[in-house]
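2 protein chains.
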Amino acid sequence: MSLVVQKYGGSSVATAEKIKSVAARIKRTADAGSGVVVVVSAMGDTTDELIELAHAINPHPEAREMDVLLSTGETQASALMVMALHALGAEAISLSGGQAGMRTDRVHRSARILDIDPARLKAELERGRIIVVAGFQGLTEDLDVATIGRGGSDTTAVAFAAALGARCEIYTDVEGVYTADPRVVPDARKLKDISYEEMLELASKGAKVMAPRAVELGSVYNIGILVAHSTKDAPGTLIHGGVDMEGFNRVRGIAHDMDVAKITLRHVPDRPGIAAEIFEPLADANLSVDTIVQNVSENNTTDLTFTIAKNDVKRALPVVNEIAKTIGAKEVVADEKMGKVSIVGTGIQSAPGYAARMFRTLSEAGINIEIISTSEIRITCIVPENSVLDAVRALHAAFELEKVEL
Amino acid sequence: MSLVVQKYGGSSVATAEKIKSVAARIKRTADAGSGVVVVVSAMGDTTDELIELAHAINPHPEAREMDVLLSTGETQASALMVMALHALGAEAISLSGGQAGMRTDRVHRSARILDIDPARLKAELERGRIIVVAGFQGLTEDLDVATIGRGGSDTTAVAFAAALGARCEIYTDVEGVYTADPRVVPDARKLKDISYEEMLELASKGAKVMAPRAVELGSVYNIGILVAHSTKDAPGTLIHGGVDMEGFNRVRGIAHDMDVAKITLRHVPDRPGIAAEIFEPLADANLSVDTIVQNVSENNTTDLTFTIAKNDVKRALPVVNEIAKTIGAKEVVADEKMGKVSIVGTGIQSAPGYAARMFRTLSEAGINIEIISTSEIRITCIVPENSVLDAVRALHAAFELEKVEL
Numbered sequence: 049m050s051l052v053v054q055k056y057g058g059s060s061v062a063t064a065e066k067i068k069s070v071a072a073r074i075k076r077t078a079d080a081g082s083g084v085v086v087v088v089s090a091m092g093d094t095t096d097e098l099i100e101l102a103h104a105i106n107p108h109p110e111a112r113e114m115d116v117l118l119s120t121g122e123t124q125a126s127a128l129m130v131m132a133l134h135a136l137g138a139e140a141i142s143l144s145g146g147q148a149g150m151r152t153d154r155v156h157r158s159a160r161i162l163d164i165d166p167a168r169l170k171a172e173l174e175r176g177r178i179i180v181v182a183g184f185q186g187l188t189e190d191l192d193v194a195t196i197g198r199g200g201s202d203t204t205a206v207a208f209a210a211a212l213g214a215r216c217e218i219y220t221d222v223e224g225v226y227t228a229d230p231r232v233v234p235d236a237r238k239l240k241d242i243s244y245e246e247m248l249e250l251a252s253k254g255a256k257v258m259a260p261r262a263v264e265l266g267s268v269y270n271i272g273i274l275v276a277h278s279t280k281d282a283p284g285t286l287i288h289g290g291v292d293m294e295g296f297n298r299v300r301g302i303a304h305d306m307d308v309a310k311i312t313l314r315h316v317p318d319r320p321g322i323a324a325e326i327f328e329p330l331a332d333a334n335l336s337v338d339t340i341v342q343n344v345s346e347n348n349t350t351d352l353t354f355t356i357a358k359n360d361v362k363r364a365l366p367v368v369n370e371i372a373k374t375i376g377a378k379e380v381v382a383d384e385k386m387g388k389v390s391i392v393g394t395g396i397q398s399a400p401g402y403a404a405r406m407f408r409t410l411s412e413a414g415i416n417i418e419i420i421s422t423s424e425i426r427i428t429c430i431v432p433e434n435s436v437l438d439a440v441r442a443l444h445a446a447f448e449l450e451k452v453e454l
Numbered sequence: 049m050s051l052v053v054q055k056y057g058g059s060s061v062a063t064a065e066k067i068k069s070v071a072a073r074i075k076r077t078a079d080a081g082s083g084v085v086v087v088v089s090a091m092g093d094t095t096d097e098l099i100e101l102a103h104a105i106n107p108h109p110e111a112r113e114m115d116v117l118l119s120t121g122e123t124q125a126s127a128l129m130v131m132a133l134h135a136l137g138a139e140a141i142s143l144s145g146g147q148a149g150m151r152t153d154r155v156h157r158s159a160r161i162l163d164i165d166p167a168r169l170k171a172e173l174e175r176g177r178i179i180v181v182a183g184f185q186g187l188t189e190d191l192d193v194a195t196i197g198r199g200g201s202d203t204t205a206v207a208f209a210a211a212l213g214a215r216c217e218i219y220t221d222v223e224g225v226y227t228a229d230p231r232v233v234p235d236a237r238k239l240k241d242i243s244y245e246e247m248l249e250l251a252s253k254g255a256k257v258m259a260p261r262a263v264e265l266g267s268v269y270n271i272g273i274l275v276a277h278s279t280k281d282a283p284g285t286l287i288h289g290g291v292d293m294e295g296f297n298r299v300r301g302i303a304h305d306m307d308v309a310k311i312t313l314r315h316v317p318d319r320p321g322i323a324a325e326i327f328e329p330l331a332d333a334n335l336s337v338d339t340i341v342q343n344v345s346e347n348n349t350t351d352l353t354f355t356i357a358k359n360d361v362k363r364a365l366p367v368v369n370e371i372a373k374t375i376g377a378k379e380v381v382a383d384e385k386m387g388k389v390s391i392v393g394t395g396i397q398s399a400p401g402y403a404a405r406m407f408r409t410l411s412e413a414g415i416n417i418e419i420i421s422t423s424e425i426r427i428t429c430i431v432p433e434n435s436v437l438d439a440v441r442a443l444h445a446a447f448e449l450e451k452v453e454l
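Protein chains in written order, with our numbering: chain B, 49 to 454; chain R, 49 to 454.
Right, dumping it as structure tokens:
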């Protein structure tokens with residue numbers, strides 16, 4: 049029997065009506081002869097509401113207790129989905145993450161999956177039942193509930209697909225992965241397929257289709273992941289390992305992110321170990337740094353720039369000023385009005401012409417590039433926030449992404 | 049170390065503020081040197097809201113899935129209570145019913161408790177932690193969650209007290225058990241103590257202080273149960289086994305219930321087995337019959353009257369009409385405008401004078417008695433609905449309950 053793990057996110061199960069509509073889709077898949085394991089997130093804003101309630105009681109709730117509290121959201125959704133399937137005459141049963149065999153470490157709120165024991169899943173599938181698993185949660189060695197962090201339901205689905213040797217389908221409120229955000233570029237095209245690595249770059253650079261951790265897990269176990277809309281019948285995008293010849297060496301999409309602030313340390317003494325002296329205190333303060341650029345040294349001093357989320361600037365500045373004093377940097381400059389735009393595609397960094405074409409395109413659009421950073425499959429420019437959307441549109445046109453075949 | 053199990057109901061934990069206030073009381077008990085196990089219900093209307101949501105999806109949800117859904121309410125409350133205790137600097141941990149060792153049978157939604165394994169409770173108590181257990185739920189042999197029915201949190205508390213050899217305190221939104229409903233009789237007095245049996249009669253006849261099943265369990269294991277207000281510091285009522293000499297043979301309270309309808313079958317052929325022929329079909333239709341009275345036979349026919357909840361009349365009548373046809377009864381008469389009033393006290397049924405004084409009192413108040421029924425410790429009169437409250441006040445005065453010592 050073919051097996052599929054389908055995941056439905058919080059917005060797809062936000063109301064009784066939506067749950068019923070999703071149940072109908074699940075039943076169609078089962079009726080077509082597949083064994084179906086469904087992973088659900090908590091309904092709509094449930095998780096945020098529970099967090100708010102917890103904070104009204106304790107501003108710093110213990111992680112273990114937050115896991116007990118938050119895991120109930122997914123549990124509720126799993127039972128309600130089974131009730132909807134029963135109403136359609138389907139055989140179905142809900143299982144908690146622990147019942148479904150997911151074992152995690154004890155790092156509450158961001159636990160790692162240690163193992164999945166698929167014994168009960170297999171037994172229920174053999175009874176002909178659709179299984180609805182509460183996502184985002186497992187059990188520790190002590191039999192305490194632990195959640196695997198935000199985006200955990202995507203990761204749960206991929207993990208169960210790996211454990212069962214099933215294919216994986218992530219249903220969400222977008223139709224798939226696009227060459228750019230369709231709200232920014234009206235003629236953005238949906239991609240038929242994309243590699244794990246390209247997906248990771250698109251996802252982490254602002255294309256919020258799927259949790260990066262789930263894509264990584266898919267990559268490790270080589271699980272094909274279909275991303276598709278939870279109610280529309282349109283074909284989605286398949287994320288997979290094999291990149292075909294034509295897919296190689298080509299810009300697949302334009303990612304962008306408005307949540308970028310830039311902090312520059314001027315006239316930093318250029319000596320070994322200086323980068324560690326700067327970034328260790330930031331890490332200790334739990335500040336997540338994104339792009340880092342250091343210019344070539346001049347008169348034994350250098351300028352060092354990094355980007356962080358806008359919300360973190362207020363918390364970061366006292367730390368950075370302290371660092372500047374310690375290491376003898378001359379000046380700290382912060383700019384919160386930044387954004388970034390990236391072209392993504394396997395092989396584009398090493399292939400000639402892509403970077404030049406990107407910079408030329410931005411220049412012709414009158415957009416000033418403040419920082420450039422590159423990875424294996426991505427070239428990113430930090431630009432002023434108010435130029436980001438123009439940059440996305442200009443690059444989408446320059447790389448002719450509106451011509452991508454559907 | 050002295051051990052106490054405290055139970056807080058849904059209205060006592062309905063908001064973040066109430067949870068914090070209850071947490072302060074729990075911490076005071078722990079600081080005074082007691083080991084404390086707390087059992088909580090779901091916050092406020094959570095359970096009702098979840099039931100409504102379920103019914104919007106499936107009018108007849110499967111009991112197993114309802115248990116998965118409903119048990120999350122208590123789980124949430126347990127985690128939130130622990131967060132409130134942590135905010136006060138107390139050591140505390142939440143446990144699900146299953147983690148706390150409660151094993152039940154598989155009769156979902158009204159499971160029976162099979163056993164409590166107190167190993168983890170004892171280990172956590174030894175670590176000096178306050179334990180907050182999600183009430184109303186246990187685990188089946190298959191490791192599925194099963195709930196033990198409404199009022200289950202009271203029963204959970206008494207069961208844990210029995211398993212741990214602890215005393216039991218039920219905190220609620222009344223100050224204790226009264227000689228009558230204080231809303232009906234302004235000078236009703238709070239009882240210092242009451243026997244299990246008297247409490248059962250008062251509870252099941254409309255004094256909704258505590259789940260009867262929990263009182264029964266307390267009686268079986270001889271667990272003293274204190275019923276008190278969850279925020280006020282007033283002394284409550286102790287429910288216990290030993291009735292002192294003065295407590296014996298005395299009216300302890302007046303119970304009443306407005307939810308009474310009366311159905312009479314007239315001219316029922318008086319032959320062996322006739323009662324079974326009448327009440328088996330009612331039981332099959334899941335109709336709960338309360339008082340049953342059969343008059344002495346006359347000309348080989350008799351009149352048989354029973355009472356049921358008002359809401360059940362519509363469902364009962366077609367069944368009763370069918371029965372009447374089958375057994376050859378002459379007529380079916382229903383009256384939904386009934387109520388009942390009871391005097392309760394160990395020994396009063398067998399002691400002379402109580403019944404006579406009750407009937408005399410009602411007669412002098414101009415109240416017509418339609419049906420009389422008695423138990424070991426109770427005498428009940430079914431009277432017209434609009435006389436019930438007058439009857440309660442008249443009986444409270446006649447038995448001088450306003451003079452009960454506080």
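Glycine included, C-beta positions come from ideal geometry on N, C-alpha and C. These numbers come from a predicted model, not from an experiment.
- Counting only unbroken stretches of 3 or more residues, the beta strand (DSSP E) elements lying wholly within the segment 172-259 of chain R are 178-182, 185-187, 193-195, 215-220, 241-243, in sequence order.
- Check the Cα spacing between R/V206 and each of R/A323, R/I164, R/D221, R/D190: the tightest is with R/I164.
- Segment contact: the segment 155-163 of chain B against the segment 182-199 of chain B, three or more CB-CB distances shorter than 8 Å; contact assigned.
- The beta carbon of R/P109 sits closer than 8 Å to some beta carbon of chain B.
- Boundaries of the beta strand (DSSP E) around B/D307: 301-317.
- Close partners of R/A167 in chain B (Cβ separation under 7 Å) are lacking, with about 12 Å as the shortest Cβ gap.
- With respect to the 8 Å criterion, B/R168 and B/Q147 are classified as neighbours on the basis of their beta carbons.
- Of all residues in the segment 86-104 of chain B, the ones placed with a Cβ closer than 8 Å to any Cβ belonging to chain R are L98, L101, A102, A104, in chain order.
- For the C-beta of R/S421, not a single chain B residue is nearer than 8 Å; the gap to the nearest is close to 41 Å.
- The three-state reading of DSSP puts B/F327 in helix, counting H, G and I together.
- Contacts between R/T123 and chain B, judged by CB atoms closer than 7 Å, involve V116, T120 in chain order.
- Around R/N106, the beta-carbon contacts reaching into chain B at under 8 Å are M131, A132, H134, A135.
- Per DSSP, reduced to three states, the secondary structure at B/A167 is helical.
- Sorting B/P260, B/P234, B/D241 by C-alpha distance to the C-alpha of B/P283 places B/D241 at the top.
- With its beta carbon at least 8 Å from every one in chain R, B/I427 lies outside the interface.
- Closer than 8 Å to the CB of B/E433 there is not a single CB belonging to chain R.
- Burial is judged here by how many other beta carbons sit within 10 angstroms of a residue's own beta carbon; R/T374 has fewer than 16 and is exposed.
- Interface annotation, B/L128: in contact with chain R, CB-CB separation under 8 Å.
- In this chain, the beta strand (DSSP E) harbouring R/T349 covers 349-356.
- Less than 8 Å divides the Cβ of R/A135 from the Cβ of B/N106.
- Cβ-Cβ distances below 8 Å link B/E249 to A303, S390, V392, S423, I425, R426 in the same chain, with the five nearest sequence neighbours on each side left out; the list follows chain order.
- DSSP places B/E384 in the strand class (E or B) of the three-state scheme.
- Chain-order list of chain R residues neighbouring B/S59: empty, with the shortest C-beta distance near 17 Å, by a criterion of under 9 Å.
- Interface residue (Cβ-Cβ distance to chain R less than 8 Å): B/Q147 is classified as such.
- For the segment 180-209 of chain B, the set of positions with a beta-carbon nearer than 7 Å to some beta-carbon of chain R reads L191 in chain order.
- The shortest C-alpha to C-alpha distance from R/R319 to any of R/D351, R/S336, R/D338 is the one to R/D351.
- Straight through space, the alpha carbons of B/T195 and B/S119 are spaced by roughly 7 Å.
- Close partners of B/E113 in chain R (Cβ separation under 7 Å): A127, V130, M131, S142.
- Taking 8 Å as the cut-off, the Cβ atoms of B/G199 and B/R157 do not count as close.
- Comparing C-alpha distances from R/M129 to each of R/V85, R/V436, R/F327 shows the shortest one belongs to R/V85.
- Shown here, R/K68 sits in a helix according to DSSP, grouped into three states.
- Taken atom to atom, the span from the alpha-carbon of R/G145 to that of B/S82 is near 36 Å.
- The C-beta distance from B/G414 to B/V308 rounds to 20 Å, too long to fall under 8 Å, and the pair is not in contact.
- For the segment 349-362 of chain R, there are no residues whose beta carbon sits under 7 Å from a beta carbon of chain B.
- Setting aside the 5 residues that flank it on each side, R/A276 is surrounded in the same chain by E217, I218, Y219, T220, E223, G224, A282, P283, G284, T285, each with a C-beta closer than 8 Å to its C-beta; the list follows chain order.
- Here R/D96 is exposed. Its C-beta has fewer than 16 other C-beta atoms within 10 Å.
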